[in-house]
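Q:
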Amino acid sequence: MFCCLTLIGGLVLFIIFIVFLAKRKKSLRIQNRVNTLKDKANSWDESEVIEFNPRTKLLEDDFNEMTDRLKKRIVVPNLDEPQNSPYGTPATYVNMVADHMTNSFDFSMVNNVLCQFKHFKTVIGDINLHFIHMVGSEEKKSTPIMLLHGWPSTVWEFHKSIPMLVEEGYTIIAPSLPGHGFTEPPSVTGVTPAVMACAYHKLMIQLGYKRFIVHGGDWGAIIGSLMTYMYPESVIGLHNTMNHFKLGWRQILQTLVGAVFPSLVYTTEEEKRFMHPMFKFSERMYRKFAYFHVQSVLPDSYGYGMVDSPVGLIGWIGTTYPLVSCQMDLTKNIMANLNKGVTSFGLDNICAMISIFWSVRSAQASMRIYHEFYWNDKELFSNLTIPNVPVAISNFPNEIIHLTKFASWTTFKNIKQFNYHTHGGHFSHIDNTEAVVGDLTSFIQKLQ
Amino acid sequence: MFCCSTLVGGFLLLIISIVLLAKRRKSLRLKKLVDALKDKANSWDKSEIIEFDPRTKMLEVDFNEMTDRLKKRIIIPNLVEPENSPYGTPATYVNLVADYLTNSFNFSMVNNVLCQFKHFKTVIGDINLHFIHMVGSEEKKSTPIMLLHGWPSTVWEFHKSIPMLVEQGYTVVIPSLPGLGFTEPPNVTGVSPAVMACAYHKLMLQLGYKRFVIHGGDWGSIIGSLMTYMYPESIIGLHNTMNQVKFGWRQILQTLVGAVFPSLVYTTAKEKGFMHPVSKFGQRLYQKFAYFHVQSVLPDSYGYGMVDSPVGLIGWIGSCYAMASSSKDTTKSAMANIEDGIKCFGLDNICAMISIFWSVRSAQASMRIYHEFYSNDTELLSSLCIPNVPVAISNFPNEGIHLTRFATGAIFNNIKQYNYHTHGGHFSHIDNTKAVVGDLTSFIQKIK
């Protein structure tokens, strides 16, 4: 008996020791990487900031080229019930958007809206960075805000929010994510989200903003978290609309307790359904992360058709907008669900995004961020915590990730605001602008 | 001590009985599945077999449409070194093939070659099945051969092998995989590889071949194995060029021993490289199965650009031929490896495959087989075992899966032939025709 216990005890100690050593090694590795990133960022020369006019990139000619190709499109659904396809985007949707683009969409509206704002470009490292810069009132100058979009978005995402924030006197900086909108794809490899975070940080310092608010969704939320982790001294507060899923003891504990007492653990149905039923969790993850997997390995291979063909562009990138703007009702067919998403996001907004991607020809290269993240940043990202910088999370029901506040503490130790909303999705700046802007400004008020 | 051992013993017994119960339940589940499949196949009405002329589908006007679109193609590599892209197919390759198709490729050659053979169509279940049927000599009539191709192939894969086999007097039956070549994509869902196996089997019976030899690669190997599992009484022998991995005690034992004594376990460097280093196995799998993952979840979403744009088609499907035929030397650039693959597969063969996919407009729908497989057949395939039917495996160095004969025994218990060759890849019928045809005929000699 004693012998048995000693053996077991010794084995447990040994395992603890090995785990401890591995954690230490990892910690050093991450510290090393962050130092390397910051050293590299420090070596970037300061470059001129020049004014930029979106009309030089969003040309009527290119739009007409797109509609010409759409008129001659080859779309072959094959299925008896194309609106009920289990294989992804239904042909019904592609044809609907193609028709709207060709017959109804007013392309000049995109330039008119974008030209309300002041656009600039500057070179930071390997990135020829585009950004919107609206200087606010003296009163609000101490809390400039960085708005960070993700994939497959553009600064168009914020076209309703920027005027709201500017009206309240805020200073706004909204960069285009490399490979999206007016920031061309880098011509070298290695421009990862962590590198982008350093570049965004450098931009703010260059513009004279030593401390600022970071607001982001999708990759913007990830880059915002990376920036806050690497430069906590610069970030007054971090506001994310997309939470970070991390498998830690909190998530595990919560899921086990939540299996028996869900109402004790989950505030919303969405939070519960994200984890339960547990035995179908891996199946849900398999379906949710198919796109992530392929874009982190073969982004270019699947992307050629999205640059040469507007049908290819609509078929994938053009579908993500309504797809993440509605809740999938599995009792209905895919087209019925997409129609809900189209109602939330708006067909004109879908077409605006598609027009920008088409004009700048960056649909294929935009997907490379997944590749750069997976092969360079995942260890850094999955281990970072934000211990002190105040954080706010906005929870919209049609978002793709739902975590309880408890589980969020795995990453964010100082959550100052954790709001729930009754409608809105992954693109809340489009489908619930008032709520997300309201959350941002109330968060800033709390921090001042 | 005694208490301890009783506890441990009781615990072990509990685990063993749970595992046995689960195995029994799975076994019953699979039997039900197979019975349901065979019942469904039995309910399919016999349909007329009509002659088919490929020229009715392979039209000059469609080929010219493709070259017109290629002349106006939009390709943006963005990278300083496009030939060394880590992101998938390099733009250099796409432009190379586009130029060749537009300037040099002789499209009429495809029809001329295909029209050497006798083509037919018949409806089996939900499949409007195309097949080549060459009746051989009386002497060889007892061993008719079914040649089964995979994705993204067509019957073009066998255009050199068929004459060789016909010359030797063999009867050959070569169907087009549903969604590929001249078998249109089914217009209903549910046509999974197991269903295709039943349809192929039914075809042979309808043609009067009660017992036959199966030869397959890629999905052809998988469908061949499924057919052999479900209808062992019909299969004289099964010859696969792509092996199947099963994670069982053999694989585990072999990997452990092979880590210390590789020469004891592995016959070729490729076999060793498939499993070792074990620490990077997960990473290699992640890279290898990205395409499988996305095609099993969202085949249509990424596929629109492959039907509307020949660039989209070349960018992914058109690059598979070169990539799967190359030696994948990680010390060389992406383009160097692809050039290696082009030498093996041949630019004319690449263009022939692309022309067929373009003409029949089925690139997008061709990928649905992965979705159907994942949704319906994974348990069946991963559990099946071929205990009695004689099996032959041909091992080509540039194939994607490399298993030792020992590990192969997990699925195939009666391996009659296990040959290794010094050159050839995933498409050995193209790049080492003599060897693969030689293996097939020598196998048939052994099992007559």
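Those sequence lines, one after another, are chains L and V.
If you want the working numbering, it's the position in the first sequence, counting the first as 1, plus 390.
If you want the working numbering, it's the position in the second sequence, counting the first as 1, plus 1174.
Idealized CB from N, CA, C, for every residue including glycine.
(1) How about I464 (chain L): is its C-beta nearer than 7 Å to some C-beta of chain V?
(2) Let me know the beta strand (DSSP E) ranges lying completely inside the segment 416 to 484 of chain L, each 3 residues or longer, listed in chain order.
(3) For W609 (chain L), which of L:F802, L:V525, L:G648 and L:M632 has the nearest alpha-carbon?
(4) Verify the CB distance criterion: does N1550 (chain V) have a CB-CB separation below 7 Å to chain L?
(5) Use the C-beta contact count for K1349 (chain V): other C-beta atoms within 10 angstroms, 16 or more gives buried, fewer gives exposed.
(6) Who pairs with L643 (chain L) in a beta bridge, going by DSSP?
(7) What does DSSP give as the partner residue(s) for E1225 (chain V) in the beta ladder?
(8) Please go through the same chain and pick out, in chain order, the residues whose beta-carbon is closer than 6 Å to the beta-carbon of L1558 (chain V), but skip the five residues on each side of it.
(9) Taking the alpha-carbon positions, what's the S1475 (chain V) to A481 (chain L) distance?
(10) Output the boundary residues of the beta strand (DSSP E) element that contains T512 (chain L).
(11) Terminal residues of the continuous alpha helix (DSSP H) containing H761 (chain L)?
(12) Using a Cβ-Cβ cut-off of less than 7 Å, list which residues of the segment 1255 to 1269 of chain V approach chain L; keep chain order.
(13) What separation, rounded to the nearest whole angstrom, lies between the Cα atoms of L1211 (chain V) and A1566 (chain V)?
(14) Who are the neighbours of C1177 (chain V) on chain L, taking C-beta pairs under 8 Å?
(15) State the Cα-Cα distance for the pair G1324 (chain V) and V750 (chain L), rounded to the nearest angstrom.
(16) Taking buried to mean at least 16 other C-beta atoms within 10 Å of its own C-beta, is I759 (chain L) buried or exposed?
(17) Who are the neighbours of V578 (chain L) on chain V, taking C-beta pairs under 9 Å?
(18) Does the distance from the CB of T823 (chain L) to the CB of K550 (chain L) come in under 7 Å?
(19) Which residues, in chain order, does the segment 780 to 807 of chain L contribute to contact with chain V at a C-beta distance below 8 Å?
(20) Do the CB positions of L537 (chain L) and H605 (chain L) come within less than 7 Å of each other?
(21) Residues in its own chain within less than 6 Å of K1295 (chain V) by CB, not counting five upstream and five downstream?
(22) Just the chain V side, please: which residues come within less than 8 Å of P476 (chain L) by C-beta, in chain order?
(23) Quick one, which of V:S1221, V:V1611, V:F1547 and V:L1202 has its alpha-carbon nearest L1381 (chain V)'s?
(24) With distances taken from CA atoms, which of L:M696, L:P712 and L:E769 is nearest I1249 (chain V)?
(25) What does D1689 (chain V) touch in chain L if you count any residue whose Cβ is under 8 Å from its own?
(26) Examine chain L for any beta-carbon lying closer than 7 Å to the beta-carbon of M1480 (chain V), and answer yes or no.
(27) Along the chain, where does the beta strand (DSSP E) containing Y810 (chain L) start, and where does it finish?
(28) Per DSSP, which one or two residues make a beta bridge with F404 (chain L)?
(29) Hey, Y1495 (chain V) and F1463 (chain V): beta-carbon distance below 7 Å or not?
(30) I need the straight-line Cα distance from A742 (chain L) to V826 (chain L), nearest angstrom please.
(31) So what does L628 (chain L) bridge to, in DSSP terms?
(32) If you follow the beta strand (DSSP E) that K1622 (chain V) is part of, which residue opens it and which one closes it?
(33) Using beta-carbon positions only, say whether E1445 (chain V) and T1578 (chain V) come within less than 7 Å of one another.
(34) Hey, quick one: how far does the alpha helix (DSSP H) through G731 (chain L) stretch, first residue to last?
(35) In terms of DSSP beta bridges, what is H1304 (chain V) paired with?
(36) Considering only the alpha carbon of each residue, which of V:K1384, V:V1439, V:N1302 and V:L1188 lies closest to T1582 (chain V)?
A: Let me lay it out:
(1) Reading the first sequence from its first residue, position 74 is the one you call residue 464 (chain L). With 7 Å as the cut-off, I464 (chain L) counts as an interface residue toward chain V.
(2) Fully enclosed beta strand (DSSP E) runs of 3 or longer: 440 to 442.
(3) The sequence position of residue 609 (chain L) within the first sequence is 219, counting from 1. The residue from L:F802, L:V525, L:G648 and L:M632 with its alpha-carbon nearest to that of W609 (chain L) is L:M632.
(4) Mapped onto the second sequence, residue 1550 (chain V) falls at position 376. Answer no: the Cβ-Cβ gap between N1550 (chain V) and chain L never drops below 7 Å.
(5) Sequence index remark: in the second sequence, residue 1349 (chain V) carries index 175 (1-based). Residue 1349 (chain V) is actually Pro in this sequence, not Lys. Taking every protein chain shown into account, the CB of P1349 (chain V) has 16 or more other CB atoms within 10 angstroms, so this residue is buried.
(6) Here residue 643 (chain L) is taken as the residue at index 253 of the first sequence, counted from 1. According to DSSP, L643 (chain L) bridges with nothing at all.
(7) Numbered from its first residue, the second sequence carries residue 1225 (chain V) at position 51. Answer by DSSP bridge pairing, in chain order: V:F1294.
(8) Residue numbering aside, residue 1558 (chain V) sits at position 384 when the second sequence is read from its first letter. Y1403.
(9) For this step, residue 1475 (chain V) is matched to residue 301 along the second sequence. For this step, residue 481 (chain L) is matched to residue 91 along the first sequence. Distance between the alpha carbons of S1475 (chain V) and A481 (chain L): 9 Å.
(10) Taking the first sequence and counting its residues from 1, the one referred to as residue 512 (chain L) is at position 122. For T512 (chain L), the enclosing beta strand (DSSP E) stretches over residues H509 to I514.
(11) Residue mapping note: residue 761 (chain L) aligns to position 371 of the first sequence, counting from 1. From DSSP, the alpha helix (DSSP H) with H761 (chain L) extends over R758 to E762.
(12) Answer set for the segment 1255 to 1269 of chain V: S1259, P1260, Y1261, G1262, T1263 and V1268.
(13) On the second sequence, residue 1211 (chain V) is found 37 positions in, with the first residue counted as 1. On the second sequence, residue 1566 (chain V) is found 392 positions in, with the first residue counted as 1. One Cα belongs to L1211 (chain V), the other to A1566 (chain V), and the distance between them is close to 26 Å.
(14) As a position in the second sequence, residue 1177 (chain V) is number 3, starting the count at 1. Listed by position along chain L, the residues whose Cβ is nearer than 8 Å to that of C1177 (chain V) are M391.
(15) Start at 1 with the first residue of the second sequence, and residue 1324 (chain V) comes out as number 150. Start at 1 with the first residue of the first sequence, and residue 750 (chain L) comes out as number 360. Going by the C-alpha atoms only, they are around 37 Å apart.
(16) Translated into the one-based positions of the first sequence, residue 759 (chain L) becomes position 369. With 16 or more other Cβ atoms within 10 Å, it is buried.
(17) Taking the first residue of the first sequence as position 1, residue 578 (chain L) is located at position 188. Residues of chain V passing the Cβ test: L1253, V1254 and E1255.
(18) Looking up residue 823 (chain L) in the first sequence gives position 433. Looking up residue 550 (chain L) in the first sequence gives position 160. The answer is yes: Cβ separation under 7 Å.
(19) Result list empty, no residue passes.
(20) The residue given as residue 537 (chain L) occupies position 147 in the first sequence. The residue given as residue 605 (chain L) occupies position 215 in the first sequence. It is a contact, given that the beta carbons lie within the stated cut-off.
(21) Numbered from 1 along the second sequence, position 121 holds the residue referred to as residue 1295 (chain V). These residues qualify, in order along the chain: I1224, F1226 and H1304.
(22) Here residue 476 (chain L) corresponds to residue number 86 of the first sequence, with the count starting at 1. Within 8 Å Cβ-Cβ: T1363, H1545 and S1549.
(23) Within the second sequence, the letter at position 207 stands for residue 1381 (chain V). L1381 (chain V) has its Cα closest to that of V:S1221, out of V:S1221, V:V1611, V:F1547 and V:L1202.
(24) Position 75 of the second sequence holds residue 1249 (chain V). Ranking L:M696, L:P712 and L:E769 by CA distance to the CA of I1249 (chain V) puts L:M696 first.
(25) Beyond the ends of chain V as shown, which are 1175 and 1622, falls residue 1689 (chain V); an answer cannot be given.
(26) Along the second sequence, read from residue 1 onward, the residue named residue 1480 (chain V) stands at position 306. True, the Cβ-Cβ gap to chain L drops below 7 Å.
(27) Within the first sequence, residue 810 (chain L) is the residue found at index 420, counting from 1. In the DSSP assignment, Y810 (chain L) falls within the unbroken beta strand (DSSP E) covering I805 to Y810.
(28) In the first sequence, counting from the first residue as 1, residue 404 (chain L) sits at position 14. For F404 (chain L), which the question treats as bridged, DSSP gives no partner whatsoever.
(29) Your numbering for residue 1495 (chain V) matches position 321 in the second sequence. Your numbering for residue 1463 (chain V) matches position 289 in the second sequence. Not a contact, by the Cβ cut-off of 7 Å.
(30) The residue you call residue 742 (chain L) lines up with position 352 of the first sequence. The residue you call residue 826 (chain L) lines up with position 436 of the first sequence. Those two C-alpha atoms are separated by around 21 Å.
(31) As a working mapping, residue 628 (chain L) is identified with position 238 in the first sequence. In DSSP, L628 (chain L) forms a bridge with L:V604 and L:V781.
(32) Along the second sequence, read from residue 1 onward, the residue named residue 1622 (chain V) stands at position 448. Taken as a continuous stretch (DSSP letters only), K1622 (chain V) belongs to no beta strand (DSSP E), as it is neither H nor E.
(33) Counting from 1 along the second sequence, the entry for residue 1445 (chain V) is found at position 271. Counting from 1 along the second sequence, the entry for residue 1578 (chain V) is found at position 404. A distance below 7 Å separates the beta carbons of E1445 (chain V) and T1578 (chain V).
(34) On the first sequence, position 341 is the one that residue 731 (chain L) refers to. For G731 (chain L), the enclosing alpha helix (DSSP H) stretches over residues I724 to F735.
(35) In the second sequence, residue 1304 (chain V) corresponds to position 130, counting from 1. Bridge partners of H1304 (chain V): V:K1295.
(36) To locate residue 1582 (chain V), count along the second sequence from 1; it is residue 408. Nearest Cα to T1582 (chain V) within the set V:K1384, V:V1439, V:N1302 and V:L1188: V:V1439.
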